Amino acid sequence: MNRTLHWYKARSLVPVVFFFTSIFIAGCDKAEEVTLPTQFIPPTWTPSPTLLPSATDTPTTTATFTATPTPTITPTPTSSSTPTASPTLTPAPTITPSPIPLLFDRLTMQIDRQGIMQTIVDLQNFSTRHTNSVVVQEETTGIIPARNYLLAELNERAQNCAAPTFVDMDNFVLFYRDVTSAQSNLIAKVEGANPNLGVIVIGAHYDTISKEFIGNPLAMQPGADDNGSGVSAVLELMRLMCLEPRQQTVVFVLFAAEENVINNQGRQGSQHFVNSYLPRAGWNVVGMMNLDTVGSATDERGNIIDTFAHLYSQGPINSPSRAMARRIQAAAYVHLPDFRLVVQNREDRENRWGDHMSFTDAGYPAVRLIEGSEDPLRQDTDRDLINDLSPDYLMKNIRAVLAYLLSGEGAPPPANITINGTTVTWPPISGAQSYWVMQRVSGQQGYGDYTQVTQPTITLPSGTIFSIGTVGTNGILGPLSQEYAMP
Numbered sequence: 030m031n032r033t034l035h036w037y038k039a040r041s042l043v044p045v046v047f048f049f050t051s052i053f054i055a056g057c058d059k060a061e062e063v064t065l066p067t068q069f070i071p072p073t074w075t076p077s078p079t080l081l082p083s084a085t086d087t088p089t090t091t092a093t094f095t096a097t098p099t100p101t102i103t104p105t106p107t108s109s110s111t112p113t114a115s116p117t118l119t120p121a122p123t124i125t126p127s128p129i130p131l132l133f134d135r136l137t138m139q140i141d142r143q144g145i146m147q148t149i150v151d152l153q154n155f156s157t158r159h160t161n162s163v164v165v166q167e168e169t170t171g172i173i174p175a176r177n178y179l180l181a182e183l184n185e186r187a188q189n190c191a192a193p194t195f196v197d198m199d200n201f202v203l204f205y206r207d208v209t210s211a212q213s214n215l216i217a218k219v220e221g222a223n224p225n226l227g228v229i230v231i232g233a234h235y236d237t238i239s240k241e242f243i244g245n246p247l248a249m250q251p252g253a254d255d256n257g258s259g260v261s262a263v264l265e266l267m268r269l270m271c272l273e274p275r276q277q278t279v280v281f282v283l284f285a286a287e288e289n290v291i292n293n294q295g296r297q298g299s300q301h302f303v304n305s306y307l308p309r310a311g312w313n314v315v316g317m318m319n320l321d322t323v324g325s326a327t328d329e330r331g332n333i334i335d336t337f338a339h340l341y342s343q344g345p346i347n348s349p350s351r352a353m354a355r356r357i358q359a360a361a362y363v364h365l366p367d368f369r370l371v372v373q374n375r376e377d378r379e380n381r382w383g384d385h386m387s388f389t390d391a392g393y394p395a396v397r398l399i400e401g402s403e404d405p406l407r408q409d410t411d412r413d414l415i416n417d418l419s420p421d422y423l424m425k426n427i428r429a430v431l432a433y434l435l436s437g438e439g440a441p442p443p444a445n446i447t448i449n450g451t452t453v454t455w456p457p458i459s460g461a462q463s464y465w466v467m468q469r470v471s472g473q474q475g476y477g478d479y480t481q482v483t484q485p486t487i488t489l490p491s492g493t494i495f496s497i498g499t500v501g502t503n504g505i506l507g508p509l510s511q512e513y514a515m516p
């Protein structure tokens with residue numbers, strides 16, 4: 030009986046198979062008549078898997094139908110019945126969120142290495158930024174196109190800033206080598222939430238000069254290191270400080286006319302800013318940091334030394350500018366222990382100058398940051414090109430400045446510090462994670478020893494001059510206390 034049924038089913042399938050086979054063959058004949066356009070690009074497709082033949086020629090048998098028995102339905106229990114136990118639910122796994130990086134790490138992870146170097150390339154491509162290149166009537170050469178480019182960069186950062194920001198120009202007239210020109214300092218102010226912290230100015234000059242072509246403003250004077258590196262650092266620091274609302278107000282300034290020597294001195298742009306713009310602005314400037322030539326770690330012999338940079342400031346050793354240099358040095362050490370800022374006993378290198386000097390002349394604390402190894406054969410020449418710069422070294426200097434800029438957002442320094450013999454104690458600071466004790470000896474310009482403690486006490490040898498800072502919950506070293514001397 031089963032055999033007859035199977036034969037009958039197979040015989041009934043023959044007309045159906047013949048019908049569909051005919052349709053398939055007809056479809057194939059029509060497909061052959063299709064003509065593809067000459068520029069036809071077939072769509073991407075995934076081929077069907079290849080069907081492998083059976084290992085033997087045994088025909089596939091027809092599957093038999095097996096009836097599935099109807100399941101037994103269990104009636105719902107009544108109130109007198111024993112209820113069925115609810116299934117045990119497995120709790121979802123606990124997801125531990127990744128820890129949020131502390132403030133300094135959170136910002137440094139977002140440093141735009143490629144953008145920093147591209148800015149220097151763009152500045153170099155203007156060929157010259159000599160102040161007298163205003164005579165050039167081209168959109169891609171000279172200081173005027175460079176100024177317009179930098180102004181656009183400042184405005185772009187201001188538009189994307191998480192803090193209140195405004196951009197301005199400080200215009201002045203320059204007479205240099207028989208040429209009268211209109212020059213501009215470019216200014217961007219990023220407002221902090223705490224006005225009691227005062228204002229920090231971060232500056233860099235954007236003009237260039239070549240010793241070989243001082244009188245020729247049209248000659249190649251690219252200024253990749255001096256001072257495309259400083260300008261690029263200022264722009265990147267502004268971008269980083271704009272990523273989140275800040276506590277301290279920072280003013281970023283790009284100065285014109287730093288290189289021009291008039292009456293035995295340069296820096297006409299920063300002098301105009303200090304003497305004309307700042308009095309009108311009425312800002313409480315508590316310090317200025319000048320970033321000038323900060324991108325190369327190569328000396329005149331070709332040696333690469335990328336472990337330190339110099340800080341220049343006006344003396345004497347206890348002056349406001351020298352004390353500011355030590356605060357910058359301490360902040361950089363805590364956050365960049367493998368990079369050293371060396372405090373020099375000079376306002377600048379011999380017979381040299383920088384825009385920070387315009388601020389100290391007016392009574393503001395000011396410091397210059399400059400690379401540790403200079404190449405005088407390249408500086409202020411047409412050979413000052415980007416191929417001599419080190420992106421990694423430039424980013425170290427940017428991180429060092431960032432550490433100082435963030436110090437206003439750290440915990441306050443200890444007060445009421447007590448010295449009893451060789452023991453120093455102070456009242457604990459709320460939220461303190463640790464304390465750093467910065468130490469030097471008499472006559473030493475910068476700090477030479479750094480000690481981290483978790484309790485508000487330390488033992489120091491006689492003659493040690495020290496200052497203490499607090500690391501709070503955000504991981505930032507805050508402002509330092511005044512300096513004390515061990516008896």
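Residues in the sequence shown are numbered from 30 upward in steps of one, following our numbering.
Glycine is no exception: its CB is placed at the ideal position from the N, C-alpha and C atoms.
Being a predicted model, the structure only gives us computed values, none of them experimental.
Query: Report the rounded CA-to-CA distance for PRO420 versus MET146, giving the unit in angstroms.; Result: 7 Å
Query: Since ASN24 is in the alpha helix (DSSP H), which residue starts that stretch and which ends it?; Result: The structure shown does not extend to residue 24, since the chain is modelled only from 30 through 516, so no value can be given for it.
Query: By Cβ distance, which residues of its chain are closer than 7 Å to TYR362, with the 5 residues on each side in sequence left out?; Result: TYR479
Query: What are the uninterrupted segments assigned as beta strand (DSSP E) that are 3 or more residues long and contained completely in the stretch 342-420, given in chain order?; Result: 369-372 and 395-400
Query: Could you check how far apart the C-beta atoms of TYR235 and ALA285 are, in whole angstroms? I think they sit under 8 Å.; Result: 7 Å
Query: Considering just the uninterrupted stretch of the beta strand (DSSP E) at VAL500, what are its terminal residues?; Result: 494-500
Query: So the candidates are HIS385, ALA359 and ILE415; which of them puts its Cα closest to the Cα of LEU434?; Result: ALA359
Query: From which residue to which residue does the beta strand (DSSP E) around ALA217 run?; Result: 208-219
Query: If you run the structure through DSSP and keep just helix, strand and coil, what is GLY298?; Result: helix
Query: So is ASN289 buried or exposed if we call it buried at 16+ other beta carbons inside 10 Å?; Result: buried
Query: Beta-carbon separation of LEU398 and VAL323 under 7 Å?; Result: yes
Query: Would DSSP call PHE242 helix, strand or coil?; Result: helix
Query: By the three-class DSSP mapping on this structure, what secondary structure does GLY259 have?; Result: helix
Query: Do the stretch 470-484 and the stretch 424-442 meet, that is, are 3 or more Cβ pairs less than 8 Å apart?; Result: no
Query: Bridge partners for ASP478 per DSSP, in chain order?; Result: GLN468
Query: Leaving aside the five residues before and after PHE302 along the sequence, list all residues of the same chain whose C-beta is less than 6 Å from its C-beta, in chain order.; Result: ASP199 and ASN214
Query: By the DSSP assignment, the beta strand (DSSP E) with MET318 in it spans what residues?; Result: 314-320
Query: Helix or strand or just coil, what does DSSP make of ARG275?; Result: strand
Query: What does the Cβ neighbour count give for GLY259, buried or exposed, with the cut at 16 atoms within 10 Å?; Result: buried
Query: Among ALA326, VAL228, GLN373 and THR336, which residue has its Cα nearest to the Cα of ILE346?; Result: GLN373
Query: Could you give the C-beta distance for PHE133 and GLY504, rounded to a whole number, given that I count them as a contact under 8 Å?; Result: 6 Å
Query: Quick test of your reading: ILE140 and GLU265, contact by CB under 8 Å. State the CB separation rounded to the nearest angstrom.; Result: 7 Å
Query: Buried or exposed, going by whether 16 or more other CB atoms sit within 10 Å of the CB of ASN161?; Result: buried
Query: Give the C-beta separation of SER299 and SER387 to the nearest angstrom, bearing in mind that I take them to be a contact with Cβ-Cβ under 8 Å.; Result: 4 Å
Query: With contact counted as at least three CB pairs below 8 Å, one residue from each stretch, are the stretch 329-343 and the stretch 448-466 in contact?; Result: no
Query: What is the DSSP secondary structure of ALA440, counted as helix, strand or coil?; Result: coil
Query: Going by DSSP in three states, LEU434 sits in which element: helix, strand or coil?; Result: helix
Query: In the DSSP output, which residue or residues are listed as bridge partners for GLY232?; Result: VAL282 and ASN319
Query: Let me check understanding here. Comparing Cα to Cα, which of THR451, ASN319, ILE427 and ASN256 lies closest to ARG142?; Result: ILE427
Query: Does the stretch 347-358 come close enough to the stretch 379-396 that 3 or more CB-CB pairs lie under 8 Å?; Result: yes
Query: Along the chain, where does the beta strand (DSSP E) that runs through LEU542 open and close?; Result: For residue 542 there is no data in the structure shown, the boundaries of the chain being 30 and 516.
Query: Take the Cβ of ARG176 as the centre, count every other Cβ of all protein chains shown within 10 Å, and call the residue buried at 16 or more, exposed below.; Result: buried
Query: Can you look up SER305 in the DSSP assignment and give me helix, strand or coil?; Result: helix
Query: According to DSSP, is GLN511 helix, strand or coil?; Result: coil
Query: Who are the near neighbours of PRO490 in its chain, counting only those whose CB is closer than 8 Å to its CB and skipping five residues on each side?; Result: THR451 and MET515
Query: Which term fits THR486, buried or exposed, when burial requires 16 or more other beta carbons within 10 angstroms of its beta carbon?; Result: exposed
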